[in-house]
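Notes follow the structure.
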Amino acid sequence: MTNPVYEKLMNCYASVKDRLPFRPKAALILGSGLGDYADQTEVEGVIDYHDIEGFPVSTVAGHKGRFVFAHINGVPVVMMQGRVHYYEGYPMTDVVLPVRLMKLMGAEILFLTNAAGGVNHDYAAGDFMLIRDQIACFVPSPLIGQNLDELGPRFADMSQIYDNKLCDVIRTAARELDIRIQEGVYVQLTGPAYETPQEVRMCRILGGDAVGMSTACEAVAANHMGMRVCGISCITNLACGMTDTPLSHEEVQETSDRVAPLFKKLVSESIGRMGIL
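The sequence shown begins at 1 in full-length UniProt numbering and counts up one residue at a time.
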């Protein structure tokens with residue numbers, strides 16, 4: 001019997017395979033603050049999500065909703081300009097469908113970026129955090145249900161989701177650019193409401209350093225398919241209960257915009273170095 005999740009994925013691939021300008025080596029998901037990053041590259045191709053049969057479309061303001069193809073420091077990259085979130089009401093298999101599709105396009109590396117709240121008291125708004133590990137058990141696993149044997153094993157090993165060599169590349173790039181970067185554990189919760197003070201405390205007790213509403217599920221799906229994964233969080237605010245200021249999306253956007261130039265430099269330099277791996 002045909003697996004509807006796999007069938008939908010292959011239908012999406014059939015919609016794009018003849019429109020790819022090249023075979024990408026890396027896939028880059030642009031989080032808050034990096035939305036216009038793709039516009040500043042020499043764009044070689046664009047595929048709008050609306051033009052892909054059955055593809056989930058982001059409903060978040062400011063997310064353009066398209067794949068952008070460009071070479072970044074010589075590396076062929078497909079960028080996801082607008083990701084899909086679980087809190088938008090899509091099933092988890094739709095949330096990770098774009099990652100799976102970029103793997104079918106040819107991407108071997110998945111570079112994740114996001115805006116996140118700092119749970120670690122040593123963090124400050126505007127910091128960058130290299131994701132070393134993650135906690136994803138608060139959202140449904142994208143691997144639940146009939147396994148997609150064509151993509152990966154039933155019981156995928158998650159002992160090293162974030163590739164050590166790719167993490168080293170980001171560390172080196174940050175050091176040479178003189179950009180301060182923290183390292184820590186990312187926790188994905190469902191959203192869309194921000195976390196309560198006690199939920200933030202829970203994340204910290206569990207070993208989390210940053211919390212957000214995306215990314216971890218994408219990393220699980222990519223790891224299942226054998227992609228090499230790395231990720232950076234932009235710490236846009238200290239999480240609820242850590243300051244006296246109520247949280248707002250405006251604060252997140254303001255911090256993202258302020259540090260965006262440094263974030264873009266770090267991403268570009270890192271991707272260029274990943275081209276030789």
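Ideal placement from N, C-alpha and C gives every residue a C-beta, glycine not left out.
Bear in mind that the values here come from a model prediction, so they are computed numbers and not experimental data.
Indicate whether the contact test is met: 3 or more Cβ pairs, each with one atom in the region 42-56 and one in the region 124-143, closer than 8 angstroms. By the C-beta criterion, the region 42-56 is judged not to be in contact with the region 124-143, since fewer than 3 inter-stretch pairs fall below 8 angstroms.
Ala-38 versus Ser-270: straight-line alpha-carbon distance, rounded: Sequence index remark: in the sequence shown, residue 38 carries index 38 (1-based). Sequence index remark: in the sequence shown, residue 270 carries index 270 (1-based). Their Cα atoms are separated by approximately 15 angstroms.
Please return the same chain residues whose Cβ sits closer than 8 angstroms to the Cβ of Thr-190, not counting the five positions on each side in sequence. On the sequence shown, residue 190 is found 190 positions in, with the first residue counted as 1. If we look at Thr-190 and ignore the five residues flanking it on each side, its Cβ neighbours are Tyr-86, Tyr-87, Phe-138, Val-139 and Met-213.
Within the region 161-188, note down every full beta strand (DSSP E) run reaching 3 residues or more, in order along the chain. Uninterrupted beta strand (DSSP E) stretches at least 3 residues long and entirely within the region 161-188 occur at 181-188, given in chain order.
In terms of residue numbering, what span does the beta strand (DSSP E) encompassing Pro-142 cover? Taking the sequence shown and counting its residues from 1, the one referred to as residue 142 is at position 142. No beta strand (DSSP E) holds Pro-142; DSSP gives it neither H nor E.
Locate the beta strand (DSSP E) running through Val-229, then write down its first and last residues. By one-based count along the sequence shown, residue 229 stands at place 229. The continuous beta strand (DSSP E) containing Val-229 extends over residues 228-238.
Restricting to Cα atoms, I'd like to know which of Pro-91, Asn-114 and Glu-176 is closest to Ile-144. Here the question's residue 144 lines up with position 144 in the sequence shown. Here the closest residue by C-alpha is Pro-91.
Excluding the 5 residues preceding and the 5 following Leu-266 in the sequence, name in chain order all residues of the same chain whose CB lies nearer than 8 angstroms to its CB. For the purposes of this step, residue 266 is identified with residue 266 of the sequence shown, where counting begins at 1. Contacts found: Phe-128, Ile-170, Ala-173, Ala-174, Leu-177, Ile-179, Ile-181 and Ile-232.
Suppose only complete runs of 4+ residues qualify. What are the alpha helix (DSSP H) ranges in the region 44-129, listed by chain order? Counting whole runs of 4 or more residues, the region 44-129 contains the alpha helix (DSSP H) stretches 92-95 and 97-105.
Should the region 111-124 be regarded as contacting the region 201-209, the criterion being three or more beta carbon pairs within less than 8 angstroms? These segments touch.
Thinking Lys-25 and Pro-98 are a contact (beta carbons under 8 angstroms), I'd like their distance in whole angstroms, please. Your numbering for residue 25 matches position 25 in the sequence shown. Your numbering for residue 98 matches position 98 in the sequence shown. Not a contact, Cβ separation roughly 17 angstroms.
Sorted by chain position, which residues of the same chain lie with C-beta nearer than 8 angstroms to Leu-30's C-beta, five sequence neighbours on each side aside? Along the sequence shown, one-based indexing puts residue 30 at 30. For Leu-30, where only same-chain residues beyond five positions count, the Cβ hits under 8 angstroms are Tyr-37, Ala-38, Met-79, Met-80, Gln-81, Gly-82, Arg-83 and Thr-113.
Distance, Cα to Cα, Leu-104 vs Val-187? As a first step, residue 104 must be located in the sequence shown, where it is residue number 104. As a first step, residue 187 must be located in the sequence shown, where it is residue number 187. Here the alpha carbon of Leu-104 sits roughly 27 angstroms from the alpha carbon of Val-187.
Closest to Gly-152 by CA distance: which of Ala-107, Ile-161 and Gly-226 is it? Translated into the one-based positions of the sequence shown, residue 152 becomes position 152. For the residues Ala-107, Ile-161 and Gly-226, the minimum Cα distance to Gly-152 belongs to Gly-226.
Return the chain-ordered ranges of every alpha helix (DSSP H) run that is complete within the region 2-34 and spans a minimum of 4 residues. Within the region 2-34, the alpha helix (DSSP H) runs of at least 4 residues that lie entirely inside it are, in chain order, 4-16.
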